[in-house]
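Everything on this sheet refers to the single structure shown next.
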Amino acid sequence: MLSVVIYISMFMFGISLLLNFYRLLRGPDAVDRILALDTLYINGLALLVVFGVLLNSRLFFEAALLIALFGFFSTVVLCKYLLRGDIIE
Amino acid sequence: MLMATWIEYGVAFFLLIGSAFALVGSIGLHRFPDFFMRLHGPAKATTLGVGCVLIASMLYFSTKDEGLHVHELLITLFLMLSAPVSAYMLAKAAVQQQVKTFNRKD
Amino acid sequence: MSRARWFAHPLGSFGLLMVWMLLVDDFSSVGHWLLGSFLAILIPRLTSTWWPSLPRIRSWKYLFVFIWHMLTDIIVANFQVARLAFKKIDDLQPRWVQVPCELEEDIAIFLLASAISLAPGTVAASVDRERSILTVHALHCEDEQALIAEIKRRYEQPLKEAFACSAL
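What follows is the structure, given as structure tokens:
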């Protein structure tokens, strides 16, 4: 029973990742793309945790924690880059 | 035996709730017409979406093996601390970049 | 050496110990408790020069009230916003709301802004320290005054009690 639910939930996360990716490609402004990346890494992290439950392995925790750390830092750094106004126009 | 089934139901419930909220957040990110409205999407994905998935994972690993395994709490805590900061930075960058805002047809 | 210097930040030390124990994910081994305590005492001492001065927590009860309000609001607001996400877009009323903020300590303002941002449907977009005004973007807001009153009653009041703000 549980594995069916895990597959359903992975399917839903896959759709969310596709929607976020679409926003990443399309997003009219740079800020939209950063926001899409932000959501993308959060959903990817959750997908990884679900995958860990499916494979019955606790090794995926470290990967998820690192994704959370680096995702946050990259979001902040990209925003800082925009705020400093180094982008032409 | 009965105990194990109930825990399995609990894990399944939290997984479904979490993925449903992450999906709704992403649909919001896809549908909303202007940046500041889209900013509300990830708030859902981080809070209840990832939160419920991590609760499911904690429940699963704590009951499967010997002993308590609650280290997913760290990810929840970190995301709860970092999500408002990144939302704040994004909003500041958007105000500075003067993104277009959506005007309602009245 | 006085006791106050040894434990520069008792809460910070406790938090570090807990993070260490969660990272190794093994609460039964004595060695990790020892190593964690060693790091938890050492790190706040070595970095105490760079710490900003933190306010005293006057009332733990109100801090827990604040956290309880935050968690329940996250769950309730998630369901509300989930409904909004499928509504027709022209029915939504996104709005900027200016919330006057009476808190003084940095950490209290940070907690208030975090609680506003974590609850779906509202995002704290800017903090004006001069005039102490929080600018909040609401996804769907019909009554501006009601939202401000809600934020002040549910979040600001417990925080004010918890951090002993003088501006009461």
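Line order of the protein sequences matches chains H, X and A. All letters in the first sequence, in the order written, are residues 172 to 260 by our numbering. All letters in the second sequence, in the order written, are residues 8 to 113 by our numbering. All letters in the third sequence, in the order written, are residues 1032 to 1199 by our numbering. Built from N, CA and C at the ideal position, the CB exists for glycine as well. For clarity, every value in this text was computed on a predicted model and none was experimentally measured.
**OP:** Please list the partners that Asp1056(A) has in chain X, where partner means a Cβ-to-Cβ separation under 7 Å.
**Re:** Locating residue 1056(A) in the third sequence gives position 25, counting from the first residue. In chain order: His76 and His78.
**OP:** Could you pull out every unbroken beta strand (DSSP E) segment of at least 3 residues lying fully inside the segment 1111-1150 of chain A, listed in chain order?
**Re:** Taking 3 residues as the minimum length, the beta strand (DSSP E) runs contained wholly in the segment 1111-1150 of chain A are 1126-1131, in order along the chain.
**OP:** Give every residue of the same chain whose Cβ lies closer than 7 Å to the Cβ of Glu1179(A), excluding the five residues on either side of it in the sequence, and list them in chain order.
**Re:** By 1-based counting over the third sequence, the position of residue 1179(A) is 148. For clarity, residue 1179(A) is Ile in the given sequence; the question names Glu instead. Same-chain partners within the cutoff: Val1128 and Val1130.
**OP:** To the nearest angstrom, report how far apart Phe1117(A) and Val31(X) are at their CA atoms.
**Re:** Within the third sequence, numbered from 1, the residue matching residue 1117(A) stands at position 86. Within the second sequence, numbered from 1, the residue matching residue 31(X) stands at position 24. In a straight line, the C-alpha of Phe1117(A) is about 9 Å away from that of Val31(X).
Original post:
Should Asn227(H) be labelled buried (16 or more other beta-carbon atoms within 10 Å of its own) or exposed?
Top reply: By 1-based counting over the first sequence, the position of residue 227(H) is 56. By the neighbour-count rule (16 or more Cβ atoms within 10 Å), Asn227(H) is not buried but exposed.
Original post:
beta strand (DSSP E) containing Leu1165(A): first to last residue?
Top reply: Walking along the third sequence from the start, residue 1165(A) turns up at place 134. Note, Leu1165(A): beta strand (DSSP E), Ile1164 to Ala1169.
Original post:
Are any of the Cβ atoms in chain X nearer than 8 Å to that of Tyr178(H)?
Top reply: For the purposes of this step, residue 178(H) is taken as the residue at position 7 of the first sequence. It does not; no Cβ of chain X falls within 8 Å.
Original post:
For Ser93(X), which residues in chain H fall below 8 Å Cβ to Cβ?
Top reply: Against the second sequence, residue 93(X) aligns to sequence position 86. In chain order: Asp209, Phe243, Thr246, Val247 and Cys250.
Original post:
Who pairs with Ser1157(A) in a beta bridge, going by DSSP?
Top reply: Taking the first residue of the third sequence as 1, we reach residue 1157(A) at position 126. In the DSSP output, where bridge partners are listed per residue, Ser1157(A) has Thr1166(A).
Original post:
Mind pulling the chain X residues with CB within less than 8 Å of Arg229(H)?
Top reply: Locating residue 229(H) in the first sequence gives position 58, counting from the first residue. Residues of chain X passing the Cβ test: Phe68 and His76.
**OP:** Verify the CB distance criterion: does Leu61(X) have a CB-CB separation below 8 Å to chain H?
**Re:** The residue labelled residue 61(X) in the question sits at position 54 within the second sequence. Answer yes: the Cβ-Cβ gap between Leu61(X) and chain H drops below 8 Å somewhere.
Original post:
Candidates His1040(A), Gln1111(A), Trp1099(A) and Glu1133(A): which alpha carbon is nearest Thr1080(A)'s?
Top reply: Position 49 of the third sequence holds residue 1080(A). When C-alpha distances from Thr1080(A) are compared across His1040(A), Gln1111(A), Trp1099(A) and Glu1133(A), the shortest belongs to His1040(A).
Original post:
For the alpha helix (DSSP H) that contains Cys250(H), what are its first and last residues?
Top reply: On the first sequence, position 79 is the one that residue 250(H) refers to. It spans Phe231 to Leu254 - the alpha helix (DSSP H) in which Cys250(H) sits, taken as one unbroken run.
Subject >> Backbone CA spacing between Ser1090(A) and Leu1190(A) [nearest angstrom] >> reply: Here residue 1090(A) is taken as the residue at index 59 of the third sequence, counted from 1. Here residue 1190(A) is taken as the residue at index 159 of the third sequence, counted from 1. Using only the alpha carbons, I get a separation of about 9 Å.
**OP:** Count the CB pairs spanning the segment 17-28 of chain X and the segment 233-245 of chain H that are closer than 8 Å, and state whether there are at least three.
**Re:** no
Subject >> Contiguous alpha helix (DSSP H) assignments of at least 4 residues, all confined to the segment 1045-1092 of chain A >> reply: 1061-1077
**OP:** Assign Ile1106(A) to one of two classes, buried (16 or more other C-beta atoms within 10 Å of its C-beta) or exposed (fewer than that).
**Re:** As a first step, residue 1106(A) is located in the third sequence; it is residue number 75 there, counting from the start. It is exposed - the Cβ of Ile1106(A) has fewer than 16 other Cβ atoms within 10 Å.
Original post:
Do Met87(X) and Cys250(H) come within 8 Å of each other at the CB atom, strictly closer than that value?
Top reply: Locating residue 250(H) in the first sequence gives position 79, where the first residue counts as 1. Locating residue 87(X) in the second sequence gives position 80, where the first residue counts as 1. Contact flag unset, no.
Subject >> Short Cβ contact (8 Å threshold) for Val57(X) with Gly25(X) >> reply: Mapped onto the second sequence, residue 57(X) falls at position 50. Mapped onto the second sequence, residue 25(X) falls at position 18. In contact: Val57(X) and Gly25(X) (Cβ atoms closer than 8 Å).
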